[in-house]
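Every number in the working numbering is 82 more than the matching position in the sequence shown, counting from 1.
Here a beta-carbon is modelled for each residue, glycine too, at the ideal position from N, C-alpha and C.
Since the structure comes first, as C-alpha cells, the remarks are kept for the end.
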Amino acid sequence: MHDCFISYSHQDTKIAVAVQSILEQNGIRCWIDFRDATPGVDYAASIVRAIKSSIVFVLVLSQNSTTSVHVLNEINSAVNAGITVLPFKVDKSELNDSMEYYLGRTHWMDALTPPLEEHILKLADTIRLYKDKATSDSDFTQKQKTSTQGRSAPCRMLKYQDLLALGYTSSSIALQLVENDYINCNGIGLENEGTAQQWEEYLQDNSETFQYLVNESNKIVGDWSIVALSKEAFNMAKNGELLEADIDIDKTEMICFPGMYHGYILTCSILPEYRNMKNYNVLVESFLIQLEEYAENGIYFKNWCMNVFSKEVEALVKQLGFKYLTNNKVFGKIYFCDFLPLPNLPIYQKHPTLVERYQNAGI
C-alpha cells in the first residue's frame with residue numbers, strides 16, 4: 083500500500099514531481115504514474131489498482147487538471163473506492179461542472195503563493211494524520227473487507243432511468259462502467275475501451291440497450307450493453323478488425339423498427355467479488371428478457387458477435403452457444419453466434435416464448 087496517489091495533468095508534471103519528491107523526503111510513500119505505472123496495455127488497470135491501495139488521493143488541482151479526462155476518471159475511481167481526496171490547488175482556476183460534482187464540498191489546500199515547498203510540507207502533515215488513522219484502524223478495516231468479499235446479499239438489474247432516479251448522472255454511470263472494465267479486463271486500453279465521454283454520449287442516446295447489475299448499496303457491479311451494427315461493420319467485427327472505440331453512428335443502426343439486425347455485445351461483465359452463479363444468472367436472464375421484449379415488437383437479431391476480454395466471459399458466451407472465430411487485431415477474442423434459429427440449448431428453452439418467436443421469424 084502507498085500513502086498517497088498523485089493525480090495530475092501531464093502539463094503540470096514539474097509541480098507533480100516536486101510534490102512527490104518533497105513528500106517522499108518526509109516519509110510519505112507516493113505512487114506517481116511516470117515511475118510506478120505498469121507500461122503497455124495494462125497501464126489503466128494499474129492506475130485503478132494503485133488508487134484503491136492508497137490511503138489518500140492527492141490531486142494537483144489546476145486549469146490543466148480540470149480539463150483532463152484522465153484526471154476526472156482517476157477522481158471517479160477514488161471517490162467510488164472511498165479514498166480521501168486532497169485537492170492541492172496551484173492556480174486560480176475554477177472548477178468545471180464535472181469537477182464540481184466530485185469536489186464541490188471538498189476542502190482544498192491553497193498553494194498559490196511561493197514558496198511551493200512550504201505548502202507541500204503542510205500537505206505532508208495532513209497526509210500523516212490520515213496515515214496514522216489508517217494504521218490504527220487497519221485491523222478493523224481488514225475485518226470489514228473480509229466480511230464484504232463475495233457477499234451473498236442479492237444483486238438486481240436496473241435500467242438507465244432507474245439509476246437516474248437513484249441520483250446517478252449519465253456522466254457518473256459512464257465513468258463507473260469504464261472503471262469496472264479496467265478492473266475486469268487486464269490488458270484493455272483506450273483503443274478497445276473508448277473514453278467515458280464516448281460511453282456517456284452513447285448511453286444517453288441508446289439507454290434501452292444497457293442494463294446494470296447493482297448491489298445492495300446501489301453501486302454498479304456488473305452490466306451488459308448491446309448495439310446493432312451495419313452489415314459492413316458487423317463483418318469487420320467478425321474478422322477482428324473493429325475496435326469498440328471506433329463504433330459510431332455510421333457503423334450502427336437504431337434498434338427501434340421491426341426487422342432483422344446484426345447484434346454486437348459491447349459489454350457483459352461482473353466485478354470479481356460479485357462473480358457467482360446467482361449474479362451471472364440475473365445478468366443473463368435480464369438479457370434474454372430484453373430479447374423477448376424486442377421480439378414482441380418484431381425486432382430480431384439474425385446473429386451476434388462479441389469481443390471477449392476475460393476467461394469468465396469466454397466461458398459465459400460459450401454457454402450461450404457462441405463459437406470462437408479469431409483474435410481482435412488489438413486485444414480480445416472474437417466470438418460469434420447464429421440466432422436464426424436460436425441455439426438448441428437449455429438456457430434458451432427456459433424462455434419458450436422467445437424460442438417460438440424466433441422459430442416463426444426464421445420461416
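Alpha carbon to alpha carbon, what distance is there between residue 385 and residue 454? Outside the shown range of the chain, which is 83 to 445, sits residue 454, and nothing can be said about it.
Which of helix, strand or coil DSSP assigns to residue 362:
When DSSP states are grouped into helix, strand and coil, residue 362 belongs to the helix group.
**Prompt:** Looking at the structure shown, is residue 230 part of a helix, part of a strand, or coil, going by DSSP?
**Reply:** With a pLDDT of only 48 at residue 230, under 50, the local geometry of the prediction cannot be trusted, and the value read off the model is given with reservation. Here residue 230 sits in helix by DSSP.
Return helix, strand or coil for residue 95, following the three-state DSSP convention. helix
For this session: Alpha carbon to alpha carbon, how far is residue 433 from residue 370? Give it in angstroms, no decimals.
Result: 8 Å
Next on the checklist: Starting from residue 134, trace the alpha helix (DSSP H) in both directions and tell me its first and last residue.
Outcome noted: 125-134
inquiry  = Short of 7 Å in beta carbon distance, which residues of its chain neighbour residue 420, apart from the five on each side in sequence? Order them along the chain.
reply    = Same-chain partners within the cutoff: 385.
Practice prompt. Counting only the same chain and skipping the five closest in sequence on each side, list residues whose C-beta sits under 6 Å from that of residue 184.
Written response: 157, 161
| task | Using alpha carbons as the reference points, say which of 216, 303, 244, 343 lies closest to residue 257. | result | 303
- Query: alpha helix (DSSP H) containing residue 318: first to last residue?
  - Reply: 313-320
*Is it true that the CB of residue 138 sits closer than 8 Å to the CB of residue 212?*
Yes, they are a contact pair.
Self-check item: Residues that residue 307 bridges to, as DSSP identifies them
Solution: 292, 349
**Prompt:** Helix or strand or just coil, what does DSSP make of residue 281?
**Reply:** helix
Practice problem: Report the partner residues of residue 415 according to the DSSP bridge assignment. | Solution: 390, 409
Discussion item. Just to confirm the assignment: which complete beta strand (DSSP E) runs, minimum length 3, are found wholly within the region 137-188?
Written reply: Qualifying beta strand (DSSP E) stretches, in chain order: 166-171.
Assigned secondary structure, residue 238 (DSSP; H/G/I helix, E/B strand, else coil): strand
contact_flag[the region 318-335, the region 406-416] where n(CB pairs < 8 Å) is 3 or more: yes
query = Less than 8 Å separating the beta-carbons of residue 343 and residue 335?
reply = yes
#### Entry: Buried/exposed call for residue 339, threshold 16 Cβ in 10 Å
Around the beta carbon of residue 339, fewer than 16 other beta carbons sit within 10 angstroms, so the residue counts as exposed.
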